[in-house]
Amino acid sequence: MKKFINNPEDVVSEALTGFVDCYSNYYEKHEEVNGVLLKNRRKDKVALVIGGGSGHEPMFSGFVGKGLGDAAACGNIFASPDPGTIYETAMAVENSKGVLFVYGNYAGDNLNFDMAEELLEEDGVKSTHVRVWDDCASAPKDRLTDRRGIAGDLFVVKIAGAACDAGLELDEVKATAEMARDNLRSIGVASSPGQIPGLDKPTFEIADDEMEYGMGIHGEKGIERTKMKTVDEITEYLYFNIKKDMEINSGDEVCVLINGLGSTTILEMSIAYRKLKELLDADGVQVHDSDINSYCTCQEMGGFSISILKLNEELKKLYDMPCYCPYYAKEGK
Amino acid sequence: MKKFINNPEDVVSEALTGFVDCYSNYYEKHEEVNGVLLKNRRKDKVALVIGGGSGHEPMFSGFVGKGLGDAAACGNIFASPDPGTIYETAMAVENSKGVLFVYGNYAGDNLNFDMAEELLEEDGVKSTHVRVWDDCASAPKDRLTDRRGIAGDLFVVKIAGAACDAGLELDEVKATAEMARDNLRSIGVASSPGQIPGLDKPTFEIADDEMEYGMGIHGEKGIERTKMKTVDEITEYLYFNIKKDMEINSGDEVCVLINGLGSTTILEMSIAYRKLKELLDADGVQVHDSDINSYCTCQEMGGFSISILKLNEELKKLYDMPCYCPYYAKEGK
Amino acid sequence: MENLNAVQAKEMIMYIADKIIEAKPMLTEVDSAIGDGDHGIGMAGGLTKAKTKVEKMESPEDVYAVFHAAGKAMLMSMGGASGVIFGSMFMAGAKGMDPVGEIGAEELAQMMKRSLEAIQERGKAQVGDKTMVDALSPAVDAMEASASEGIVPMLTRAEAAALAGVESTKNFEAKFGRAKTQGTTIGFQDAGATSVWIIFKSMKEYAETH
Amino acid sequence: MENLNAVQAKEMIMYIADKIIEAKPMLTEVDSAIGDGDHGIGMAGGLTKAKTKVEKMESPEDVYAVFHAAGKAMLMSMGGASGVIFGSMFMAGAKGMDPVGEIGAEELAQMMKRSLEAIQERGKAQVGDKTMVDALSPAVDAMEASASEGIVPMLTRAEAAALAGVESTKNFEAKFGRAKTQGTTIGFQDAGATSVWIIFKSMKEYAETH
Ligand SMILES: Nc1ncnc2c1ncn2[C@@H]1O[C@H](COP(=O)(O)OP(=O)(O)O)[C@@H](O)[C@H]1O
Ligand SMILES: Nc1ncnc2c1ncn2[C@@H]1O[C@H](COP(=O)(O)OP(=O)(O)O)[C@@H](O)[C@H]1O
Ligand SMILES: [Mg+2]
Ligand SMILES: [Mg+2]
Ligand SMILES: [Mg+2]
Ligand SMILES: [Mg+2]
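Pasting the structure below:
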């Protein structure tokens with residue numbers, strides 16, 4: 001795999017510099033650590049700090065924005081940021097109303113964010129966290145907290161960001177973000193691997209005519225490897241698995257994200273959406289809003305995931321609040 | 001190459017259906033042809049109709065929106081839409097203030113859009129066009145009109161959309177869009193091919209350690225094939241070629257787009273941006289706004305292009321007007 | 001056949017359509033070698049539309065209207081460069097003509113000549129640019145030169161000229177078409193020229209048997 | 001060596017750092033076989049920071065402060081799970097202790113025991129989960145059992161126990177770590193456990209010669 005890089009060891013720091021340069025109208029880089037900070041942020045609210053390993057762009061740094069994250073703490077490729085990075089990033093944006101961390105539920109992230117929270121506590125800064133575990137293929141339902149966070153992160157960031165903007169207190173923002181997390185399921189399919197810059201092995205191996213359901217965004221083993229199917233069959237299977245995990249009833253309103261893992265095209269994902277919409281229609285489920293995009297990638301991995309967020313009154317109100325960043329903008333309703 | 005499709009022949013129509021379903025808050029499909037129409041569009045202005053072959057998503061259908069295109073006429077993959085599709089799409093959105101077509105300068109598109117203009121003329125509907133030929137690698141400077149349109153299309157659509165929104169007359173909108181086109185240059189580099197759904201050959205072949213400067217977005221031959229270089233070297237070469245073609249002086253203000261061709265990551269393109277910014281800084285050129293995204297793709301082709309739009313007072317004013325569509329939103333200044 | 005009447009024109013179009021649809025795999029192969037491989041699909045699709053269109057004309061009374069309808073159906077459905085080019089091949093020469101119940105060899109030749117002119121006007125291709133013009137242009141020349149001999153002899157010569165034109169494309173480097181290959185195109189025949197030859201061959205075959 | 005004073009603690013950390021940096025390619029290879037291959041880079045990076053940090057402590061007077069500073073430097077720079085885990089190995093047991101100029105074998109053993117507890121509290125790994133705990137836990141047991149014999153014999157036993165722990169990881173299936181491989185991990189040793197062994201080996205070597 002050819003990569004457009006200089007020295008593999010400099011990838012993350014050079015990319016962050018370039019990213020923040022490019023969006024200097026919106027962002028600035030933390031002077032000491034790999035943190036992306038929103039420039040003109042509101043100062044009278046709970047600070048929302050997101051983050052995790054790099055390599056999934058635009059997740060997480062690309063979801064810093066108005067009504068979204070106030071800052072993102074960025075680790076090396078596929079590795080959690082260290083507690084120092086998280087701590088400094090949070091300190092740079094906190095406004096004495098506390099800090100909510102939203103991140104994907106991975107062992108490394110949990111350890112490092114927990115440690116950062118302890119450091120903040122020592123400084124008298126209130127903080128708490130919501131771990132996203134939307135990938136319902138990554139562990140059985142009775143081991144929810146073993147599940148991984150994937151593209152559904154975005155919905156939790158959106159809702160948490162809106163809750164912060166609405167002026168809610170830290171515990172309320174946390175409760176709301178958890179409500180979003182608990183009403184959310186994702187599952188994906190992979191057809192080809194991504195590659196970490198500087199490593200010569202792809203994240204996994206797969207035959208030319210095969211695909212794998214439920215694979216994680218770092219190449220973690222999925223639930224079933226099979227011959228390549230039609231996108232209609234795949235979509236049906238993915239939707240079926242989400243429904244098996246979360247009750248979706250006629251009359252429910254949902255938000256939907258079809259997320260590309262890197263090299264899968266909007267053209268292909270649009271065909272998947274077409275089928276998903278047919279299935280949702282048949283179930284009497286109403287789509288409130290939806291997106292087709294590559295928001296949470298695994299380098300140039302092939303494949304996509306479906307995320308479904310079930311709305312209630314409160315979530316809907318927050319979802320409908322406007323937000324803006326260069327990669328994700330909602331006008332509000 | 002594995003594709004997430006059903007029947008290859010149905011790709012474009014199924015994808016368009018899904019795309020419009022997904023963004024049904026914004027779009028509707030033309031009842032008869034492959035046209036994407038903006039739902040709540042202003043009725044008191046020149047209609048901006050964009051289009052071309054499919055397979056470059058989100059270009060063109062994804063740039064229908066407020067302050068952008070009123071509609072997009074979509075062809076088959078990498079093939080111009082037919083005159084009927086263009087004509088019907090234009091008729092669906094025109095408001096008796098005339099129609100401006102903006103599209104990439106390719107033989108097939110030119111033939112079909114011209115034909116559609118003749119049909120509109122027969123019906124008494126005024127129309128004209130701006131062909132985008134931003135790819136300065138595709139022909140020498142003395143054969144400007146032989147050059148191809150690539151990612152720079154977006155800037156012309158942005159400016160033309162703003163000019164329409166500003167209430168300009170058809171000939172003024174055309175002149176403004178041409179001004180944008182003439183102040184715009186792009187050039188790209190490719191490292192791996194894309195693949196058309198249903199075909200078993202990739203769009204081109206390239207060795208594992210090679211890249212090609214100036215390759216077109218359908219795999220058209222570029223200007224130089226070489227061993228893989230560092231992204232800093234590549235960026236320098238690309239910028240150098242743009243400067244060779246268009247005067248860029250100290251004090252100039254520009255807008256920049258680093259456009260991914262499909263599978264190249266935001267991480268990699270951010271590193272390229274970092275270098276480009278250094279070069280622009282060294283030349284005393286000021287970046288007014290910039291983006292890193294995959295706006296004009298060639299299926300899962302690897303590589304990226306740099307587009308530079310040189311601003312003047314008028315272009316800047318129009319660029320700074322707000323626009324919104326699910327793939328490209330600017331808040332306005 | 002001495003003259004071509006409107007009903008025969010309709011049948012001739014339908015016959016051409018069947019032959020192009022039959023040749024779809026072959027045209028795909030030819031376009032795949034140096035182009036993007038979609039020419040067979042495009043032509044077969046366009047002529048299917050043309051056939052459906054003229055089939056609906058129950059008892060047509062204007063020869064030109066039949067050709068025009070067929071060409072327009074192609075033009076309005078095919079897309080790509082070839083949609084306009086091959087649509088024009090049937091449509092452009094028939095456009096704006098006064099209705100007539102039948103035409104002779106001379107009129108048929110003149111119609112094709114006008115189409116060729118329109119195609120070159122729109123597409124800017126010259127003989128030697130490795131396009132369908134390399135087959136159509138000599139075919140039109142042959143028609144003009146032999147129109148006095150009658151429709152069947154004229155179409156026989158036109159077909160032969162088109163075929164020679166197809167052969168000639170092997171000597172040229174491609175200048176048009178969206179997905180140019182990386183290497184040379186010399187040694188390969190042009191897909192569009194091949195279609196032109198099949199069209200003339202079909203016209204001749206129809207004329208011979210009616 | 002009877003006791004370990006603050007200056008020696010500093011030198012010991014620097015010695016460990018050099019040995020881990022030396023072992024970087026080996027650790028990379030071990031992590032590549034079943035993990036994502038970044039363990040060598042991470043450990044070498046973290047211990048470089050630790051070394052730089054303690055190097056700056058001119059004449060340190062508190063043994064615990066030296067270990068704490070080293071661990072914190074690792075913790076605050078490495079990222080990933082192993083940053084917290086290996087940072088804690090030096091830091092957690094030293095945290096909150098009253099300053100002392102030197103410590104004996106018993107104190108060293110107790111410090112490592114507290115670190116192990118913190119690591120297991122944070123990381124939730126048990127012996128048999130194929131992590132660094134499989135090397136650290138038996139090493140701590142060995143230290144406790146032999147602390148009365150003095151620092152060098154204690155560290156000699158601890159190193160042996162850690163090495164046996166590394167061997168044991170070959171029998172287990174991995175349960176932690178982000179980039180689990182597709183196949184089985186049985187037959188392969190754990191990267192983190194390997195680092196633990198190198199750390200004890202280095203501690204012993206330093207103690208032997210000072
Ligand atoms: N400008 C032109 N003038 C005449 N014929 C052309 C021109 N451009 C293309 N053609 C013909 O069209 C053929 C290709 O048709 P097709 O494969 O259907 O379209 P595309 O090139 O868009 O894939 C070429 O073989 C050539 O004969
Ligand atoms: N929860 C845990 N408890 C103890 N050790 C762990 C834990 N998770 C990982 N490790 C150790 O960390 C090592 C991997 O380190 P490293 O490769 O640097 O990090 P990563 O797994 O994030 O790539 C594993 O070999 C294991 O020994
Ligand atoms: Mg790792
Ligand atoms: Mg084509
Ligand atoms: Mg073709
Ligand atoms: Mg590792």
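Protein chains in written order, with the UniProt record's numbering: chain A, 1 to 333; chain B, 1 to 333; chain C, 1 to 210; chain D, 1 to 210. By construction, the Cβ of each residue, glycine as well, lies at the ideal position given by its N, Cα and C atoms.
- With respect to chain B, the C-beta atom of I85(C) has a partner C-beta closer than 9 Å.
- Listed along the chain, the chain C residues whose CB falls inside 8 Å of the CB of P81(B) are G79.
- Around the Cβ of S59(D), a 10 Å sphere holds fewer than 16 other Cβ atoms; the residue is exposed.
- According to DSSP, L37(B) shares a beta bridge with E28(B), A71(B).
- In this structure, ligand 2 has a non-hydrogen atom nearer than 8 Å to the beta-carbon of G80(D).
- Around the beta carbon of I5(B), 16 or more other beta carbons sit within 10 angstroms, so the residue counts as buried.
- Contact between G80(D) and A139(A) is ruled out by a C-beta separation of about 21 Å, above the 8 Å threshold.
- Classified as exposed, Q126(D) has fewer than 16 neighbouring CB atoms from the shown chains inside 10 Å of its CB.
- The residue among K333(A), D289(A), N105(A), T85(A) with its C-alpha nearest the C-alpha of E178(A) is N105(A).
- For the region 69 to 152 of chain A, the full-length alpha helix (DSSP H) segments reaching 4 residues or more read 83 to 93, 107 to 122 along the chain.
- For the pair V49(B) and V99(B), the CB atoms are nearer than the 9 Å cut-off.
- In terms of CA proximity to D153(B), D134(B) leads the group G167(B), D281(B), D134(B).
- Straight-line measurement puts the Cα of N76(B) at about 15 Å from the Cα of I271(A).
- Taking the C-beta atoms as reference points, K126(A) is found no nearer than 9 Å to D44(A).
- For chain B, the residues of the region 37 to 64 of chain C that bring a beta carbon within less than 7 Å of one of its beta carbons are G37, D38, in chain order.
- Under the 9 Å criterion on CB atoms, S137(C) is classed as non-interfacial with respect to chain B.
- By the Cβ neighbour-count rule, N312(B) is exposed, with fewer than 16 other Cβ atoms within 10 Å of its own.
- Using a Cβ distance threshold of 9 Å, P81(B) and A92(B) do not count as a contacting pair.
- Distance from the CA atom of G167(B) to the CA atom of G302(A), rounded to whole angstroms, is 44 Å.
- The count of Cβ pairs closer than 8 Å, one atom from the region 150 to 157 of chain C and one from the region 165 to 179 of chain C, stays below three, leaving the stretches out of contact.
- Boundaries for L257(B): no alpha helix (DSSP H) harbours it, while the beta strand (DSSP E) harbouring it runs 253 to 260, taken from the DSSP string.
- Beta-bridge annotation (DSSP): Q286(A) is paired with E253(A).
- Bridge pairing for V49(A): A71(A), F101(A) [DSSP].
- In this structure the region 311 to 327 of chain B does not touch the region 81 to 100 of chain C; the number of beta carbon pairs closer than 8 Å is below three.
- Within chain B, F4, G18 have C-beta atoms less than 8 Å from the C-beta of A272(A), given in sequence order.
- Where S307(A) is concerned, the enclosing beta strand (DSSP E) starts and stops at 302 to 310.
- Taking 9 Å as the cut-off, the Cβ atoms of K310(A) and L184(A) count as close.
- In the structure shown, T226(B) falls within a strand segment according to DSSP collapsed to helix, strand and coil.
- Around ligand 5, the residues whose beta-carbon falls short of 6 Å from at least one of its heavy atoms are D31(C), G35(C), D36(C), D38(C), H39(C), given in chain order.
- Taking 9 Å as the CB threshold, G62(B) lines the interface with chain A.
- Excluding residues up to 5 positions away in sequence, F155, H288, D289, S290, L309, L311, Y319 lie with their Cβ nearer than 7 Å to the Cβ of C255(A) in the same chain.
- DSSP places L184(A) in the uninterrupted beta strand (DSSP E) bounded by 184 to 192.
- Neighbours of M91(D) across chain A, judged by C-beta separation under 7 Å, do not exist; the nearest C-beta is about 10 Å away.
- Considering only beta carbons, the part of the region 195 to 218 of chain A lying closer than 8 Å to chain B consists of P197, D208, D209, M211, in chain order.
- Distances from the CB of F78(B) to the heavy atoms of ligand 4 include at least one below 8 Å.
- Flagged as an interface residue toward chain D: L111(A), by a C-beta distance shorter than 9 Å.
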